[in-house]
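J.:
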Amino acid sequence: MVSKESSKDKAIVIVVSPLNALIDDQINKLNALGVCCASLRLCGGEADGRFEGSFQENLQTGNFQLIFTHPDVAVNNRHCRELFLLNYSQRNVVVVVVDEAHCIIEWGHDFRPDYGKLGTLSSVFPSAKIVAMTATATREYQRAITENLNMKNPSPVIANPDRANICYEVIQRPSYVKQGNVDQFEELLCPIAEEIITTTVRIPLTIIYSSLELCGVGFAFLERVLGDKQFYPMDAPKPHQNRLFAQFHSPQTDKMKSEIISRIVTESCTQRVIFATLAFGMGIDSPYVERVIHFGVPRTMESFFQESGRAGRDGRPDKSTLYFNNNDIGANVEGMQPIMREYCKNPKSECRRKIILKHFGFRIPNVQEQSNSFCDLCEKSCLSEFCDDTVDPDHSKVTANLAVSENQVQGIKSKLIGLKAETEANYFHLSMCSGLTMEGIDELCLTLSKAKTLDKILESVQIWRKEHAEQILKIIHNVTSRESSE
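Note that UniProt numbering numbers the sequence shown so that position 273 is 273, with each residue one more than the last.
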């Protein structure tokens with residue numbers, strides 16, 4: 001990327017990035033590798049603020065190879081524009097990189113309009129190369145990004161964004177009419193609170209995405225439920241660094257966000273549950289995040305893919321779980337992409353990974369076609385065909401010609417209610433963890449009396465956890481087999 005024409009002086013690459021916390025993380029990593037880089041920060045407001053310290057002197061003495069900044073400064077600050085127009089800058093800036101370039105489309109109109117003005121940098125540095133980088137850009141996004149940045153005859157470098165080691169799961173929550181949003185969120189956190197109590201720092205590092213309001217609700221709930229057990233070790237001093245959970249959102253200071261990022265990229269991180277908003281969605285590269293939970297639905301597939309992609313960065317199998325209800329994806333929700341409604345409701349029961357990749361113009365690589373761990377529906381389909389060795393092979397007899405009497409239906413219902421009670425005891429009365437609600441039991445029994453195969457039963461009833469589905473199949477098999485033998 002660095003031009004030979006700049007051999008007389010040190011070449012400079014300008015990187016435009018959306019978040020200060022992300023910039024700090026990248027600078028720390030590059031400095032550790034011996035790359036001289038700095039952040040172009042301001043003292044004062046974005047439009048009139050001056051540079052911190054002796055930035056300009058260091059720049060002109062060739063101390064920096066990479067300069068990080070964000071769009072508000074690069075586009076809108078007059079001192080920055082004067083710096084860019086210096087002969088030294090004009091001669092030595094050889095590349096302008098726009099990181100997380102999908103933000104040009106998603107943020108450039110209303111949220112952060114300066115992102116939509118980054119195309120002016122091509123006129124500020126007419127001889128520099130422009131590079132746009134993102135992991136989430138459809139063909140439509142790609143065209144819009146190149147047009148916005150005034151890129152002429154760009155050379156695209158495109159790879160399949162598939163995250164083969166992440167299993168995607170979707171769980172439908174009750175509507176707000178039946179239960180309030182805060183109550184649902186606290187119920188979701190009950191098993192996580194129990195995990196923290198029993199495993200402390202051994203709990204999988206988990207990011208929970210929600211609204212800003214619910215981040216505070218979740219933090220307060222764990223504080224209240226855990227008490228002294230929220231710190232590790234319990235007998236140690238109790239600064240916030242020793243708390244087993246944290247928040248990450250835009251109202252926090254840059255220092256607070258940088259502290260969290262610097263900790264979660266280490267294997268010894270004490271904070272095991274992070275409540276986050278979309279501010280945590282891009283570029284955070286921690287190999288130790290094992291689980292991502294969404295309470296609510298991101299407005300775009302690009303945001304969802306970025307956020308769920310915080311998991312599994314070490315290559316090990318991890319999970320992305322999205323909890324939604326119909327209020328989250330209603331027609332009146334501004335900016336909600338139709339693809340997110342399709343991903344949640346999924347009327348065709350299509351593999352969720354296929355839905356994601358199709359949105360970006362890709363398909364699942366051929367080498368993975370036979371896998372059953374793409375998503376909850378793939379696992380469920382595999383289970384209904386009894387392809388898992390843990391399921392009793394004799395259960396396959398039930399898949400053909402299933403005929404269930406009324407007495408058998410009542411017997412199955414009674415045992416399912418018992419299973420529900422046992423499950424709730426294990427999950428702090430959280431029925432939504434299993435899908436095994438009274439409504440679900442009634443629906444299953446109704447379907448049972450009409451369906452002819454177990455495949456159809458599993459397709460029509462929302463049982464989300466593999467082990468619970470196995471238990472249900474065993475109950476059905478045992479009840480029907482016993483009465484048949486009699």
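C-beta: ideal position from N, C-alpha, C; glycine also.
Does the count of Cβ pairs from the segment 125 to 142 and the segment 316 to 324 closer than 8 angstroms reach three?
T.: They do not touch, by the three-pair rule.
J.: Under the assumption that R310 contacts G335 (Cβ atoms under 8 angstroms), give the Cβ distance between them as a whole number of angstroms.
T.: No, R310 and G335 are not in contact; Cβ-Cβ is about 22 angstroms, not under 8 angstroms.
J.: If you draw a straight line from the alpha carbon of P113 to that of V16, how long is it in whole angstroms?
T.: Approximately 14 angstroms between the Cα atoms of the pair.
J.: Counting pairs of beta carbons, one from the segment 345 to 355 and one from the segment 205 to 216, are three or more of them closer than 8 angstroms?
T.: No, the segment 345 to 355 is not in contact with the segment 205 to 216.
J.: By how many angstroms is the C-alpha of D235 removed from the C-alpha of G218?
T.: So the two alpha carbons sit approximately 24 angstroms from each other.
J.: In chain order, what residues of the same chain lie with their CB nearer than 8 angstroms to the CB of D389, ignoring the 5 residues before and after it?
T.: At D389, the pLDDT of 43 sits below 50, so the modelled position is not reliable and the matter cannot be decided from this model.
J.: Between the Cα of T198 and those of E439, L244, K117 and T146, spot the shortest distance and give me the residue it belongs to.
T.: Nearest C-alpha to T198: L244.
J.: Should the segment 239 to 257 be called in touch with the segment 288 to 299, which here means at least 3 C-beta pairs below 8 angstroms?
T.: Result no; under three Cβ-Cβ pairs closer than 8 angstroms.
J.: Quick check on this structure: which residue in D314, I472 and K380 has the alpha carbon closest to the alpha carbon of E422?
T.: Out of D314, I472 and K380, I472 has the C-alpha closest to the C-alpha of E422.
J.: Express the C-alpha separation of R81 and A74 in angstroms, rounding to a whole number.
T.: Roughly 7 angstroms between the two C-alpha positions.
J.: Locate the alpha helix (DSSP H) running through V225, then write down its first and last residues.
T.: Taken as a continuous stretch (DSSP letters only), the alpha helix (DSSP H) holding V225 covers L212 to L226.
J.: Taking the straight line between their C-alpha atoms, what separation do you get for D254 and Q410?
T.: Answer to the nearest angstrom: the Cα atoms are 59 angstroms apart.
J.: In whole angstroms, give me the CA-to-CA distance for N87 and I284.
T.: Approximately 35 angstroms, taken between the alpha carbons.
J.: Taking only the alpha-carbon atoms, compute the straight-line gap between I158 and M301 and give it to the nearest angstrom.
T.: When rounded, the distance between both Cα atoms is 18 angstroms.
J.: Using DSSP with H/G/I as helix, E/B as strand and the rest coil, what is S320?
T.: If DSSP states are grouped into helix, strand and coil, S320 belongs with the strands.
J.: Quick one: measure Cβ to Cβ for L40 and T69, integer angstroms, because I've assumed they're closer than 8 angstroms.
T.: Between T69 and L40 the Cβ distance is about 4 angstroms, and since that is below 8 angstroms, they are a contact.
J.: Which residue comes first and which comes last in the beta strand (DSSP E) that contains Y209?
T.: Note, Y209: beta strand (DSSP E), L205 to Y209.
J.: Starting from C344, trace the alpha helix (DSSP H) in both directions and tell me its first and last residue.
T.: First-last of the alpha helix (DSSP H) with C344: P338 to K345.
J.: For D376, which of G315, I166 and E100 has the nearest alpha-carbon?
T.: The shortest Cα separation from D376 among G315, I166 and E100 belongs to I166.
J.: Starting from A276, trace the beta strand (DSSP E) in both directions and tell me its first and last residue.
T.: Its beta strand (DSSP E) spans residues V273 to A276.
J.: Spatial neighbours of T120 within its chain, please: CB distance less than 8 angstroms, with the 5 preceding and 5 following residues excluded, ordered by chain position.
T.: So the list reads V75, once near-sequence residues are dropped.
J.: How is Q26 classed by DSSP in three states: helix, strand or coil?
T.: Q26 falls in the helix class under three-state DSSP.
J.: Which same chain residues, not among the five before or five after C387, have their C-beta less than 6 angstroms away from its C-beta?
T.: At C387 the pLDDT is 44, less than 50, meaning the model places this residue with poor confidence; the figure from the coordinates comes in the next sentence. Excluding positions up to five away in sequence, the list is empty.
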